[in-house]
Amino acid sequence: MRFLDPHIHCYSRVTDDYEAMFLAGLRAVVEPSFWLGQPRTTAGTFRDYFSSILEFERSRAADFGITHRCTIGLNPKEANNERLADEVLEMLPEFASRHGVVAIGELGYDAITPAEERAYVKQIELAQKLQLPIMVHTPHRDKHRGTMRSMDVLVDMGVDPATVVIDHSTEETTREILERGFWAGHTVYPQTKLTSERFVNLYHDHGVERMLINSSADWGKADPLSVPKTAALLERRGASPERVQKLVWDNPVAFFGAKRLDLPTAGEQPDPEPTSATHSRIRDEHRPAGR
């Protein structure tokens with residue numbers, strides 16, 4: 123069985139994770155732009171970060187046989203610094219139009235403030251202009267209100283729900299997301315957000331149509347193997363391998379688009395050189411002249 127994790131923050135993972143992911147059957151990942159554990163203070167750090175997930179992280183994943191794609195966006199946590207947000211929003215088109223970018227995101231609400239909504243609307247407009255899918259972050263606090271507001275804004279702006287995944291959904295929100303025609307993304311964490319067992323219950327309630335699961339696997343306690351582990355639990359609880367394969371591969375490919383993902387037909391070929399040598403070469407390519 124092949125796996126595509128449609129929301130994983132590889133930037134925060136070590137190379138041992140990539141090796142374990144490949145051995146577990148993960149062959150492709152999508153890495154959304156997100157915050158770095160603490161607020162950034164200058165726009166230049168965003169520029170460097172966007173370049174990193176478009177270039178270095180893509181190469182690092184390929185070393186281990188995993189195709190890496192990403193999404194570009196201003197996360198809602200940092201949208202509340204409006205001076206900084208304006209600078210970042212101005213640079214987004216430069217990065218969002220590059221090969222390997224498969225959506226705008228993750229964007230949405232954190233504290234559900236006017237500043238967050240302003241940044242949200244501007245990024246939706248960018249996605250519409252570039253004809254890219256949208257990945258929406260839903261807040262950890264007041265999730266239902268944030269989720270409903272996220273969908274209301276999208277509908278008011280004329281966005282096709284089939285081009286949007288409303289992520290970090292739980293039992294509180296999945297039904298309404300699906301009923302309104304959006305994709306429902308589910309982040310499976312060892313403790314918070316949604317456990318594998320809870321997702322299995324959602325599967326039995328809603329099936330696999332417009333359903334996605336991901337690991338997020340960011341700075342906190344997370345498991346980059348939660349997608350294959352949840353798939354195994356689904357099979358043990360009676361789901362057919364065909365339906366599980368649809369959930370963990372066919373669905374994310376359908377959402378992002380096979381042409382946009384541009385996955386290698388024979389899979390990503392692992393780099394036979396030592397990882398450290400490969401990364402040294404990348405650093406040489408990007409080192410400023412004279413240094």
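Residue numbering for the sequence shown follows this note's numbering, starting at 123 and increasing by one per position. Ideal Cβ placement from N, Cα and C applies to all residues, glycine included. It should be emphasised that the depicted structure is a prediction, and the values quoted were computed from it without experimental measurement.
From this set, Tyr171, Val243 and Ser134, which residue's C-alpha is nearest Gly342's C-alpha? Looking up residue 342 in the sequence shown gives position 220. Ranked by how close their Cα comes to the Cα of Gly342, the residues Tyr171, Val243 and Ser134 have Ser134 in first place.
Going by other Cβ atoms of all chains shown within 10 Å of its Cβ, with 16 needed for buried, is Ser219 buried or exposed? If you number the sequence shown from 1, residue 219 lands on position 97. Here Ser219 is exposed. Its C-beta has fewer than 16 other C-beta atoms within 10 Å.
Per the DSSP calculation, Phe168 is bridged to which residue(s)? On the sequence shown, residue 168 is found 46 positions in, with the first residue counted as 1. Phe168 is bridged by DSSP to nothing; it lacks a bridge partner.
State the beta-bridge partners of Leu334 as determined by DSSP. As a working mapping, residue 334 is identified with position 212 in the sequence shown. Gly307, per the DSSP bridge assignment.
Taking DSSP as the reference, what is the three-state secondary structure of Gly159? Here residue 159 refers to the residue found at position 37 of the sequence shown. Gly159: coil per DSSP, three-state reduction.
Assuming Thr295 and Lys265 make a contact with CB atoms under 8 Å, what is their CB distance in whole Å? If you number the sequence shown from 1, residue 295 lands on position 173. If you number the sequence shown from 1, residue 265 lands on position 143. In this structure, Thr295 and Lys265 form a Cβ contact; the two beta carbons are roughly 6 Å apart against a cut-off of 8 Å.
Threshold first: 4 residues or longer. Then list the alpha helix (DSSP H) segments lying entirely within the stretch 243-303, N to C. Listed in chain order, the complete alpha helix (DSSP H) runs (minimum 4 residues) inside the stretch 243-303 are 265-278 and 296-301.
How would you write the range of the alpha helix (DSSP H) that Phe144 sits in, first residue to last? As a first step, residue 144 must be located in the sequence shown, where it is residue number 22. Here the alpha helix (DSSP H) through Phe144 covers Thr137 to Leu145.
Cβ contact check for the stretch 355-370 and the stretch 157-165: 3 or more pairs under 8 Å: Because the criterion of three Cβ pairs below 8 Å is not met, the stretch 355-370 and the stretch 157-165 do not touch.
For a minimum of 3 consecutive residues, which ranges assigned as the beta strand (DSSP E) are wholly contained in the stretch 201-249? Runs found: 223-230.
Which of the three DSSP states, helix, strand or coil, is assigned to Ala339? Taking the first residue of the sequence shown as position 1, residue 339 is located at position 217. Under the three-state reduction of DSSP, Ala339 is assigned to coil, being neither helix nor strand.
Tell me the DSSP bridge mates of Cys192? Indexing the sequence shown from 1 puts residue 192 at position 70. For Cys192, which the question treats as bridged, DSSP gives the partners Glu153 and Val223.
Inter-stretch contact at 8 Å, needing at least 3 Cβ pairs: the stretch 245-254 / the stretch 162-178: With a cut-off of 8 Å, the stretch 162-178 and the stretch 245-254 do not count as touching, because too few Cβ pairs lie within range.
May I ask whether a heavy atom of the ligand FAD can be found less than 8 Å away from the beta carbon of Asp327? No copy of the ligand FAD occurs in the structure displayed, which carries no ligand at all.
Using beta-carbon positions only, say whether Gly227 and Ile188 come within less than 9 Å of one another. Working through the sequence shown from its first residue, we reach residue 227 at position 105. Working through the sequence shown from its first residue, we reach residue 188 at position 66. Not a contact, by the Cβ cut-off of 9 Å.
Buried or exposed: which applies to Cys132, given that a residue is buried once 16 or more other Cβ atoms fall within 10 Å of its Cβ? Translated into the one-based positions of the sequence shown, residue 132 becomes position 10. Counting of Cβ neighbours within 10 angstroms places Cys132 among the buried residues, the total reaching 16 or more.
Provide the residue span of the alpha helix (DSSP H) that contains Asp185, from first to last. Indexing the sequence shown from 1 puts residue 185 at position 63. Run containing Asp185: Glu179 to Asp185, per the alpha helix (DSSP H) assignment.
Would you mind working out which of Met143, Asp138, Asp327 and Arg359 sits nearest Arg124, comparing C-alpha positions? As a first step, residue 124 must be located in the sequence shown, where it is residue number 2. For the residues Met143, Asp138, Asp327 and Arg359, the minimum Cα distance to Arg124 belongs to Met143.
Report back the beta-carbon spacing between Leu229 and Gly195 to the nearest angstrom; my notes put them in contact at under 8 Å. Translated into positions along the sequence shown, residue 229 becomes position 107. Translated into positions along the sequence shown, residue 195 becomes position 73. In this structure, Leu229 and Gly195 form a Cβ contact; the two beta carbons are roughly 5 Å apart against a cut-off of 8 Å.
Once you ignore the five residues that flank Pro128 on each side, which residues in its own chain have a CB closer than 6 Å to its CB? Position 6 of the sequence shown, counting from 1, holds the residue named residue 128. Val152, Leu334, Asn336 and Pro374, listed in sequence order.
Could you give the distance in angstroms between the alpha-carbon of Arg409 and the alpha-carbon of Ala339? For the purposes of this step, residue 409 is taken as residue 287 along the sequence shown, with counting starting at 1. For the purposes of this step, residue 339 is taken as residue 217 along the sequence shown, with counting starting at 1. Residue placement at Arg409 is flagged as unreliable, the pLDDT there being 47, under the threshold of 50; a coordinate-derived value is accordingly withheld.
Limits of the alpha helix (DSSP H) - the one that Leu126 falls within: If you number the sequence shown from 1, residue 126 lands on position 4. First-last for Leu126: Phe125 to Asp127, but that is the beta strand (DSSP E), not the alpha helix (DSSP H).
According to DSSP, is Leu148 part of a helix, a strand, or is it coil? One-based indexing of the sequence shown puts residue 148 at position 26. Note: Leu148 maps to strand in three-state DSSP.
When you compare each of Ala233, Phe186 and Ser291 to Asn202 by their alpha carbons, which one comes out closest? Along the sequence shown, read from residue 1 onward, the residue named residue 202 stands at position 80. Here the closest residue by C-alpha is Ala233.
C-alpha distance - Pro392 paired with Glu141, whole-angstrom precision: On the sequence shown, position 270 is the one that residue 392 refers to. On the sequence shown, position 19 is the one that residue 141 refers to. Going from the Cα of Pro392 to the Cα of Glu141 covers about 10 Å.
Taking the Cβ atom as the reference point for each residue, do Phe378 and Ala183 lie within a distance shorter than 9 Å? Translated into positions along the sequence shown, residue 378 becomes position 256. Translated into positions along the sequence shown, residue 183 becomes position 61. In this structure, Phe378 lies away from Ala183, with their beta-carbon atoms at least 9 Å apart.
Using the Cα positions of Leu126 and Arg205, report the straight-line distance between them to the nearest angstrom. Sequence index remark: in the sequence shown, residue 126 carries index 4 (1-based). Sequence index remark: in the sequence shown, residue 205 carries index 83 (1-based). Annotation: Leu126 to Arg205 spans about 36 Å, alpha carbon to alpha carbon.
Relative to the C-alpha of Leu300, which residue among Thr309, Val287, Pro386 and Gly222 is closest? Translated into positions along the sequence shown, residue 300 becomes position 178. By alpha-carbon distance to Leu300, the top candidate from Thr309, Val287, Pro386 and Gly222 is Val287.
Which listed residue (Thr292, Arg332, Thr387 and Pro283) has its alpha carbon closest to that of Asp98: Residue 98 is absent from the model: the chain starts at 123 and stops at 413.
Given this structure, state the Cα-to-Cα distance separating Asp138 from Pro198, to the nearest angstrom. Translated into the one-based positions of the sequence shown, residue 138 becomes position 16. Translated into the one-based positions of the sequence shown, residue 198 becomes position 76. The alpha-carbon atoms of Asp138 and Pro198 are separated by roughly 30 Å.
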